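Numbering of the sequence shown is given in the working numbering, commencing with residue 5 and proceeding in unit increments.
For glycine and all other residues, C-beta sits at the position ideal for the given N, C-alpha and C.
Note that this is a predicted model, so its numbers are computed, not measured.
Below: one structure, written as C-alpha cells.
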Amino acid sequence: MSQRDERLIEEWDRKVVWHGFTQMADYQPFIIARGEGNWLIDRQGKRYLDGASSMWCNVHGHRQPMIDQAIRDQLDRIAQVTSLGMGNDTTARLAGRLLEVVPSGLKHVFFSSDGTCAVEAALKLALQYWRQRADPRPEKTRLVALGAAYHGDTTGSVSLGGVERFKSLFAPLLFDTIRGPLPDGYRLPVGVKSDESCGYYLSQLETLLAQHQREIIAVVMEPLVQGAAGMVMHPHGFLRGVRELTRRYDCLLICDEVATGFGRTGRMFACDHEGVTPDVLCLGKGLTGGYLPMAATLTTSELWNAFLGPQEAHCQFFHGHTYSGNPLAAAAAIASLELFEQERVFEQLPLKASLLGEVVEPLRDHPHVGDIRQCGMMMGIEIVQHKEKRQAFEDHGQHARSICQRATDAGVWIRSLGDVVVVMPPLSILPAEIECLGNAVVAAVRDEF
C-alpha cells in the first residue's frame, strides 16, 4: 500500500468514520489490520493483546480456524436468507443447538443482529404477550430495571438504562421505567453488612413490585454482573431471589446475558450459577464467537403460545429484521458452540480465572485502587481518590482512561468504564498471556500514580 493510501485510510478513519461513544474532536486513529489468536495487529505490525475481547465479544480468539472454515463453507452455499416467512437449514440447526445449552425451559428463539436488538425484541414480546394471552392483562405497561442498568442504545433499551450520562440527553424520547435497587457489593448502604446485602436489596425490590404489581410487565436485569455499570457484582442469591419475586408478583423475568453469556462468568450463562430459568433470555456478543453480528431472544412455550392463531387474528409477533438469523452468522455460532466442547473450555476456565486474579493481586493494596471485582473472566478494577472513603476522583474517569492508554502503549488493549478499568480477555487466552495482561495493568496503574 502506498504512503498516500495509508494517509487516506487514516484520514477517512478520523474524519469520515463516526466512532461510537468516542469524542471525534480528539480521536487519534488506532487502526487494526489483522488478528492472530488473542492478538490484534496494527498497520505497522505492532501487536496488542486483546484484553477487552474486542468489546467483550471475542471468545475463542481471532482467525480461529474452525470458525473461519465454517463461514467459508456457508459462503459456498448461501450468504443471506430472510427469516420473514422463510428459513434456512443452518439457522434452524443453530436454534436447535442453542436449546441444548440454555437454561431448561427455554424453547423458542427469535434472532436479531445485536444485543440491543435482542433486548428491544424482548420488551415488545413481553408487552404483546400480556395483551394476547388467554386472560389478557392490558394494564401491564411498565418495566422494572435495576439501578445503573445498561441494556443497549435503542430507544427502548435506553429507557431501561440507569446510567445518566447515557440517557439524560434523550429523555424526551424515552418511556418511564420503575427503577429498582443497584445491588452493589462494594458500595453498601450505611449500616448494611455484606452478608445482609442480598436480603436488603431483595426487600427493596419487593416493595416496588408490591406497589406496582398490576402494571408491571417484567423485571429486566443483567444477572450476576452489571457490565456497563462498572462491573458491579451482585451478592450471591440475588438472581434466585428476583426469580422468586417475579413469580410471586405475577410478572416476567427478562435476563440480559449479552455481556455475561457464553462462558464469561465461568459457566455457559450467568443464570446457570443459581439454577434460574428466566421467561426471556437475551443473548448477543459472544454468540458467534465474536465474528459476526448476531443476537437471540429466547423464551418459553407459555409466551410463544400467546402468539399462535389464525391469520385474521393478527397475533403474530410484530417485529423483525432483514438480517435476522443470517446463515453466515449462524454457521459461525454453531462452530463457536462446538469449540466449547472440542477445546474443553470450561475445564480450563477455573485455572485461568484464578491466575487472572493472582496477577493483579499486587494492586489490592494500592492507595488508589478501591476494589478489584471478578466473576470468572470478567474483572473490574475501580480507581478511587480515597481508598477508605471509597471516594471517586472528580476527573470523570480520566485516570482510568489514562491507565488504559498506558497499557495499550505497552501492547495490551483494555478499556475503561468511568472510574473502572475493565479486564475481559478472550476465553482462549493462554496462561503466559494472562501474565502479560496482568503485568501490563499493574504497571500502568503504578505509573499513573
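- Nearest neighbour of VAL416 by Cα position, chosen from MET428, ASP369, PRO176 and ALA153, turns out to be MET428.
- Using a Cβ distance threshold of 8 Å, ALA404 and ASP375 do not count as a contacting pair.
- The continuous beta strand (DSSP E) containing SER116 extends over residues 112-116.
- In the DSSP assignment, MET382 falls within the beta strand (DSSP E) that extends over 382-387.
- The Cβ atoms of MET298 and ASN330 lie closer than 8 Å to each other.
- For CYS202, the enclosing alpha helix (DSSP H) starts and ends at 201-215.
- For VAL426, the enclosing beta strand (DSSP E) begins and ends at 424-427.
- Below 8 Å, enough C-beta pairs join the stretch 228-245 and the stretch 202-211 to call them touching: three or more.
- In the DSSP assignment, MET70 falls within the unbroken alpha helix (DSSP H) covering 69-79.
- Counting along the chain, ALA122 sits inside the alpha helix (DSSP H) bounded by residues 119-136.
- Excluding five sequence positions before and after ILE433, the CB atoms of its chain that fall closer than 6 Å to its own CB belong to ASN42, given in chain order.
- With a contact defined as Cβ atoms closer than 8 Å, PRO185 and LEU147 miss out at about 15 Å.
- In this structure, THR281 lies near GLY109, with their beta-carbon atoms less than 8 Å apart.
- Around ILE82, the same chain offers ASN92 and PRO331 as residues with beta carbons nearer than 8 Å, after the five sequence neighbours per side are excluded.
- PRO187 and GLU437 have their C-alpha atoms some 33 Å from each other.
- In the three-state DSSP reduction, VAL224 falls in the strand class (E or B).
- Around the beta carbon of THR26, fewer than 16 other beta carbons sit within 10 angstroms, so the residue counts as exposed.
- Comparing alpha-carbon positions, the option among CYS61, ALA138, THR145 and VAL223 lying closest to ARG183 turns out to be VAL223.
- In the three-state scheme derived from DSSP, where H, G and I count as helix and E and B as strand, SER87 is classed as coil.
- Rounded to whole angstroms, the separation of the alpha carbons of MET225 and TRP16 is 38 Å.
- In the structure shown, TRP22 falls within a coil segment according to DSSP collapsed to helix, strand and coil.
- Distance from the CA of SER198 to the CA of LEU228, rounded to the nearest whole angstrom, comes to 16 Å.
- Spatial neighbours of PHE321 in its own chain (CB-CB distance under 6 Å, excluding positions within 5 residues in sequence) are listed in chain order as PHE311.
- The continuous alpha helix (DSSP H) containing GLU452 extends over residues 435-452.
- In its chain, beyond the 5 residues on either side, GLY415 have a beta carbon closer than 8 Å to the beta carbon of LYS50.
- The beta carbons of VAL446 and LEU367 sit about 6 Å from each other, so the pair counts as a contact at 8 Å.
- Take the alpha-carbon of ALA339 and the one of GLY119: they are about 20 Å apart.
- When secondary structure is reduced to three states using DSSP, LEU431 falls in the coil class, being assigned neither helix nor strand.
- Residue state for ILE376 is assigned as strand, using DSSP reduced to three classes.
- VAL284 and THR264 have their C-alpha atoms some 15 Å from each other.
- For LEU312, the secondary structure class from DSSP, reduced to helix, strand or coil, is coil.
- Minimum Cα-Cα distance from LEU355 among the listed residues CYS379, TYR31 and ALA74 corresponds to CYS379.
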